[in-house]
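What follows is the structure in structure tokens.
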């Protein structure tokens, strides 16, 4: 089993920034990929950003140029730096990881963008 614990969510004004963290209970070097998803009320969960074990990243079109996913192999933590936040970024953000062909999810952290 792998535990993923997210933190860093909160309330921010439009145009502001937040950094989400996802701490894993296992070395993230052994993950084939890790990602951030989000789910807004009444909407389906969608992938926001993903990073694989070669460091290759990919982003949803809606966040390209604003969000950056990165990993710290020493802290076993994946981050999501979110800049120029918009009201439509409001959602619960979930960390996801694949270890040995098994998928794991964190409990989610709320991000609210509002003035």
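In the working numbering, the protein residues as written are 46 to 160. Quick reminder that beta carbons are idealized off the backbone N, C-alpha and C, glycines included.
Give the range of the beta strand (DSSP E) segment to which residue i is assigned.
i	result
residue 117	112-117
residue 55	55-57
residue 108	First-last for residue 108: undefined, no H or E at that position.
Rounded to whole angstroms, what is the Cα-Cα separation between residue i and residue j?
i	j	result
residue 88	residue 74	32 Å
residue 80	residue 130	19 Å
residue 146	residue 76	9 Å
residue 121	residue 72	6 Å
residue 66	residue 53	6 Å
residue 59	residue 128	10 Å
residue 48	residue 160	34 Å
residue 100	residue 93	16 Å
residue 98	residue 152	23 Å
residue 132	residue 111	14 Å
residue 96	residue 150	15 Å
residue 136	residue 50	17 Å
residue 158	residue 148	29 Å
Per DSSP, which residues does residue i bridge with? Please list them.
i	result
residue 155	137
residue 63	127
residue 102	96
residue 144	76, 147
residue 50	68
With residue i and residue j assumed to form a contact (beta carbons below 8 Å), what rounded beta-carbon distance in angstroms separates them?
i	j	result
residue 116	residue 108	Rounded, the Cβ-Cβ distance is 17 Å, inconsistent with contact.
residue 143	residue 78	5 Å
residue 138	residue 113	Contact flag wrong, Cβ pair sits at about 14 Å.
residue 64	residue 126	5 Å
residue 134	residue 119	About 29 Å; that fails the 8 Å criterion.
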